[in-house]
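Novice: The structure that follows is given in the form of structure tokens.
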Amino acid sequence: MDSPQRPPPPIRPAPTPAPADVAPQRIDSALLLRGATELLIDHHGVLYRLRQTALGKLILTK
Numbered sequence: 105m106d107s108p109q110r111p112p113p114p115i116r117p118a119p120t121p122a123p124a125d126v127a128p129q130r131i132d133s134a135l136l137l138r139g140a141t142e143l144l145i146d147h148h149g150v151l152y153r154l155r156q157t158a159l160g161k162l163i164l165t166k
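Going by my numbering, the first residue of the sequence shown is number 105, and it counts up by one from there.
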């Protein structure tokens, strides 16, 4: 007597990468500043100031 065949295992979709596995988006600071030396960023209702120093470094303050 033949044994009953098992159904094939279900096909699972590829796992979606966890946020840590995804490379962060890269944006040139010149696109953000658009010629200015500082800008305000509203993050969940809290304002942050992004400022470019005279030496070209960036400072983010709350």
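Idealized CB from N, CA, C, for every residue including glycine.
In the DSSP assignment, what residue or residues form a beta bridge with residue 163?
Specialist: Answer is 155, bridged to residue 163.
Novice: What does a CB cutoff of less than 7 Å around residue 137 pick up in its chain, not counting 5 residues either side in sequence?
Specialist: Cβ within range, chain order: 143 and 156.
Novice: Could you say which of 111, 141 and 153 lies nearest to residue 165 if we only look at CA atoms?
Specialist: Out of 111, 141 and 153, 153 has the C-alpha closest to the C-alpha of residue 165.
Novice: In terms of alpha-carbon separation, which member of 130, 148 and 140 lies closest to residue 158?
Specialist: Closest option to residue 158, Cα to Cα, is 140.
Novice: Between which two residues does the beta strand (DSSP E) holding residue 146 run?
Specialist: Taken as a continuous stretch (DSSP letters only), the beta strand (DSSP E) holding residue 146 covers 142–147.
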